[in-house]
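There are 4 protein chains.
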Amino acid sequence: MSSVLVTYYSRTGNTKEMAEHVAKGAEQAGGDVKLASVDRVDASELAGYDAIIVGSPTYYGSMAAEVKELIDKSVQLHGKLTDRVGAAFASSAHVGGGNETTALDLIHAFLIHGMVVPGIHDGDHYGPVSVGEPDSRVRKQCEQLGDRVVELAAKLAQ
Amino acid sequence: MSSVLVTYYSRTGNTKEMAEHVAKGAEQAGGDVKLASVDRVDASELAGYDAIIVGSPTYYGSMAAEVKELIDKSVQLHGKLTDRVGAAFASSAHVGGGNETTALDLIHAFLIHGMVVPGIHDGDHYGPVSVGEPDSRVRKQCEQLGDRVVELAAKLAQ
Amino acid sequence: MSSVLVTYYSRTGNTKEMAEHVAKGAEQAGGDVKLASVDRVDASELAGYDAIIVGSPTYYGSMAAEVKELIDKSVQLHGKLTDRVGAAFASSAHVGGGNETTALDLIHAFLIHGMVVPGIHDGDHYGPVSVGEPDSRVRKQCEQLGDRVVELAAKLAQ
Amino acid sequence: MSSVLVTYYSRTGNTKEMAEHVAKGAEQAGGDVKLASVDRVDASELAGYDAIIVGSPTYYGSMAAEVKELIDKSVQLHGKLTDRVGAAFASSAHVGGGNETTALDLIHAFLIHGMVVPGIHDGDHYGPVSVGEPDSRVRKQCEQLGDRVVELAAKLAQ
Numbered sequence: 000m001s002s003v004l005v006t007y008y009s010r011t012g013n014t015k016e017m018a019e020h021v022a023k024g025a026e027q028a029g030g031d032v033k034l035a036s037v038d039r040v041d042a043s044e045l046a047g048y049d050a051i052i053v054g055s056p057t058y059y060g061s062m063a064a065e066v067k068e069l070i071d072k073s074v075q076l077h078g079k080l081t082d083r084v085g086a087a088f089a090s091s092a093h094v095g096g097g098n099e100t101t102a103l104d105l106i107h108a109f110l111i112h113g114m115v116v117p118g119i120h121d122g123d124h125y126g127p128v129s130v131g132e133p134d135s136r137v138r139k140q141c142e143q144l145g146d147r148v149v150e151l152a153a154k155l156a157q
Numbered sequence: 000m001s002s003v004l005v006t007y008y009s010r011t012g013n014t015k016e017m018a019e020h021v022a023k024g025a026e027q028a029g030g031d032v033k034l035a036s037v038d039r040v041d042a043s044e045l046a047g048y049d050a051i052i053v054g055s056p057t058y059y060g061s062m063a064a065e066v067k068e069l070i071d072k073s074v075q076l077h078g079k080l081t082d083r084v085g086a087a088f089a090s091s092a093h094v095g096g097g098n099e100t101t102a103l104d105l106i107h108a109f110l111i112h113g114m115v116v117p118g119i120h121d122g123d124h125y126g127p128v129s130v131g132e133p134d135s136r137v138r139k140q141c142e143q144l145g146d147r148v149v150e151l152a153a154k155l156a157q
Numbered sequence: 000m001s002s003v004l005v006t007y008y009s010r011t012g013n014t015k016e017m018a019e020h021v022a023k024g025a026e027q028a029g030g031d032v033k034l035a036s037v038d039r040v041d042a043s044e045l046a047g048y049d050a051i052i053v054g055s056p057t058y059y060g061s062m063a064a065e066v067k068e069l070i071d072k073s074v075q076l077h078g079k080l081t082d083r084v085g086a087a088f089a090s091s092a093h094v095g096g097g098n099e100t101t102a103l104d105l106i107h108a109f110l111i112h113g114m115v116v117p118g119i120h121d122g123d124h125y126g127p128v129s130v131g132e133p134d135s136r137v138r139k140q141c142e143q144l145g146d147r148v149v150e151l152a153a154k155l156a157q
Numbered sequence: 000m001s002s003v004l005v006t007y008y009s010r011t012g013n014t015k016e017m018a019e020h021v022a023k024g025a026e027q028a029g030g031d032v033k034l035a036s037v038d039r040v041d042a043s044e045l046a047g048y049d050a051i052i053v054g055s056p057t058y059y060g061s062m063a064a065e066v067k068e069l070i071d072k073s074v075q076l077h078g079k080l081t082d083r084v085g086a087a088f089a090s091s092a093h094v095g096g097g098n099e100t101t102a103l104d105l106i107h108a109f110l111i112h113g114m115v116v117p118g119i120h121d122g123d124h125y126g127p128v129s130v131g132e133p134d135s136r137v138r139k140q141c142e143q144l145g146d147r148v149v150e151l152a153a154k155l156a157q
């Protein structure tokens, strides 16, 4: 059973709602899921998960400072997250408003940790992005992301 | 009067339509505009414009190889495009499908040429992106981009 | 006379040293320069400058959370920084260690603010990057960046 | 035994030399490796490999048009590369010259194909980058990349 952390920062509730759907998808795929906002996650605990999925609103084309703070603090674990699965999701106010670059910034952080990042061939390719409130398309993509990450984590844990 | 090249690659016609609206906006702002598909632009002529606006469909997260070929050939002018204005636009099949990274790849090329790139605070931030056929929102953004580029080129030519 | 803010975050002193050289270049070009670490800059004052140059160490492929916090708070000025000049610089521990993506994340923020970003055709293209302590190459590039930004700001202020 | 394609484009020989070291690392890890320049790879054969590693020189911040052409043609296989491993390497003339964005553009393409991308915690994080001719540091990183990709492909094939 793969352990998965789904963590997010949310002011409007959009990213939180996305996180809930990601967590739902991960649970349905058999994952042991912890869902928590970033302020309730201590960087030291990150090595305790097989997979880490992080969501952020888009603030000026990248993740919220609150999320970046957690990422920065994760340096204490550098080298200990190798081969864990990393994935991202993002919300934004507008199409073309920086949601892709936000998801990618999270992916960059995962790659730098030596984590393994799965792509998505039939959806938002760098991770689900919601323009405004998550609609049925976004909710479905979030669930699929949770599912995909759990499957990949299971393979890597073999 | 600023001279502006609007060039694009288009298979479905979506990027071409965006280009036409960019050209329209640039003309309405007083620009002397050439609109041409990339196969009809010779890299050697790029230094003849005050501003260069390039549009591409999104293929696997970056510009079409046909557009990249023009960019690659522009190396013959390296150093001669400094302080010219560069801007980008992109079409894609899906939200989150790589349109931002496509526009940004074009912007990277402009920056490497020492060109000057204007941002957009009230629209698609890295350049207009159309998901599928350009709708009225996209058409308006394309016209605004043409306008913004001509205004900036005029200031830089002073 | 163009007013320029050079702001940075630095733990090791490398990014601070880069900032000092950027400031020196901007002053030599005739700029009215304020040099300050990000914790001494209030977001509300950003609109008081013709140009803003931001430097950050590379933490997991993007700017330090402390820098991002200032960027996030700048939303209070959204729309008021249009046509100001923005530029970036970054330090990192390693080549290929995320310094380009750090500089680009800052550039993304400037573009989203509608600012104008100059490229560099004969140096580190997205902004000076130092791998470890700034050497003479980096120091020269930092001075050139300050110079280039002041010149561009002067043109835009006409 | 994992099958691995290492493909590259090279004019100066630098990227080719990197490719040879990536191939060597992959072979030493037990991979069944094909090493070929992009003009000798047909997009239709890509689905025949467990892992695809692509290298490119940096031209204006992204991969050479010749490499992009292969990526664009790979659309014929869309959906058939899911869960294969993808990795990138890049050469460039200068530090800060666009090598990270080149490697990342390749990674974007892999993610859009639904492939799985491994990060590197103790080297060039988005893939080995060589500034000029590959030195011993770069050659070692290339070999480690080949090794890492074969190990990951083996896990995913279980």
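Protein chains in written order, with numbering that gives the first Met the number 0: chain A, 0 to 157; chain B, 0 to 157; chain C, 0 to 157; chain D, 0 to 157.
No residue lacks a Cβ here, since even glycine has one placed at the ideal position from N, Cα and C.
Original post:
For chain D, is any of its Cβ atoms less than 8 Å away from the one on K67/B?
Top reply: yes
Subject >> 4 or more residues per run - each alpha helix (DSSP H) lying fully within the stretch 43-119 of chain D >> reply: 64-72, 98-111
Subject >> Proximity below 8 Å, CB of I51/B to CB of Y59/D >> reply: no
**OP:** Check D31/C in the structure and name its three-state DSSP category.
**Re:** strand
Original post:
When you compare each of V74/C, S55/C, L76/C to V66/C by their alpha carbons, which one comes out closest?
Top reply: S55/C
Original post:
Between the C-alpha atoms of S1/B and V74/B, what's the straight-line distance to the nearest angstrom?
Top reply: 23 Å
Subject >> Collapsed DSSP secondary structure at S36/B in the structure displayed >> reply: strand
Original post:
Looking at the unbroken alpha helix (DSSP H) that takes in S135/B, where does it start and where does it end?
Top reply: 135-156
Original post:
If you measure from the beta carbon of L105/C to each beta carbon in chain B, is any gap under 8 Å?
Top reply: no
Subject >> Nearest candidate by alpha-carbon position, reference I119/A, set G118/D, A108/D, A63/D >> reply: A108/D
**OP:** Using a Cβ-Cβ cut-off of less than 7 Å, list which residues of the stretch 78-102 of chain C approach chain B; keep chain order.
**Re:** G78, T81
**OP:** Pull out every residue of the stretch 29-44 of chain D whose Cβ sits closer than 7 Å to any Cβ of chain A, in chain order.
**Re:** none
Original post:
From the beta carbon of L4/C, is the nearest beta carbon of chain B less than 8 Å away?
Top reply: no
Original post:
By Cβ distance, which residues of its chain are closer than 8 Å to M114/A, with the 5 residues on each side in sequence left out?
Top reply: I51, L80, T81, D82, R83, V84, G85
Original post:
Across which residues does DSSP place T6/B in a beta bridge pair?
Top reply: A35/B, V53/B
Original post:
In chain D, which residues lie less than 9 Å from M114/A when you measure between Cβ atoms?
Top reply: P117, G118, H120
**OP:** Please list the partners that K154/A has in chain D, where partner means a Cβ-to-Cβ separation under 7 Å.
**Re:** K154, L155, Q157
Original post:
What residue range is occupied by the uninterrupted beta strand (DSSP E) comprising S1/C?
Top reply: S1/C -> no beta strand (DSSP E), and no H or E assigned at all.
Original post:
If the cut is a Cβ gap below 9 Å, which residues of chain D does G24/C touch?
Top reply: Result: empty, since nearest Cβ-Cβ is about 17 Å, beyond 9 Å.
Original post:
A63/B versus chain D: which residues are under 7 Å apart at the beta carbon?
Top reply: D71
Original post:
Relative to the C-alpha of A35/B, which residue among I111/B, A25/B, T6/B is closest?
Top reply: T6/B
**OP:** Find the residues of chain C that neighbour I111/B, judging by a C-beta separation of less than 9 Å, and give them in chain order.
**Re:** G118, I119, H120, H124, Y125
**OP:** Give me the Cβ distance between E26/C and E99/D, rounded to the nearest whole Å; I'm assuming they're in contact under 8 Å.
**Re:** E26/C to E99/D, Cβ: 31 Å. No contact.
**OP:** Name the residue from A63/A, C141/A, G12/A whose alpha carbon lies nearest to the alpha carbon of D121/A.
**Re:** C141/A
Original post:
Would you say V3/C and G30/C are within 8 Å of each other, going by their C-beta atoms?
Top reply: yes
**OP:** Give the straight-line distance between the Cα atoms of I106/A and Q157/B, rounded to the nearest whole angstrom.
**Re:** 43 Å
Subject >> Minimum Cβ-Cβ distance from V130/D to chain C less than 8 Å >> reply: yes
Original post:
Going by Cα to Cα distance, which pick from Y8/D, H20/D, L103/D is closest to S135/D?
Top reply: H20/D
Subject >> Among L155/A, V149/A, G47/A, nearest to L151/D - alpha-carbon criterion >> reply: L155/A
**OP:** Could you list which residues in chain B have their beta carbon closer than 9 Å to that of G60/A, in chain order?
**Re:** E99, H124, Y125
Original post:
Using the C-alpha atoms, what's the distance from T57/C back to R161/B?
Top reply: Nothing in the structure corresponds to residue 161/B, since chain B is present only between 0 and 157.
Subject >> Sheet register partners of V128/D (DSSP bridge) >> reply: A89/D
Subject >> Residue from A89/C, Y48/C, L103/C with nearest C-alpha to Y8/C >> reply: A89/C
Original post:
Does DSSP put T11/A in a helix, in a strand, or in coil?
Top reply: coil
**OP:** Within its chain, find whatever has a CB closer than 7 Å to the CB of V32/A; leave out the 5 residues flanking it on each side and keep chain order.
**Re:** V3, V5, A22, A25, E26
**OP:** With distances taken Cα to Cα, identify the nearest neighbour of H112/D among T101/D, D38/D, A46/D, P127/D.
**Re:** A46/D
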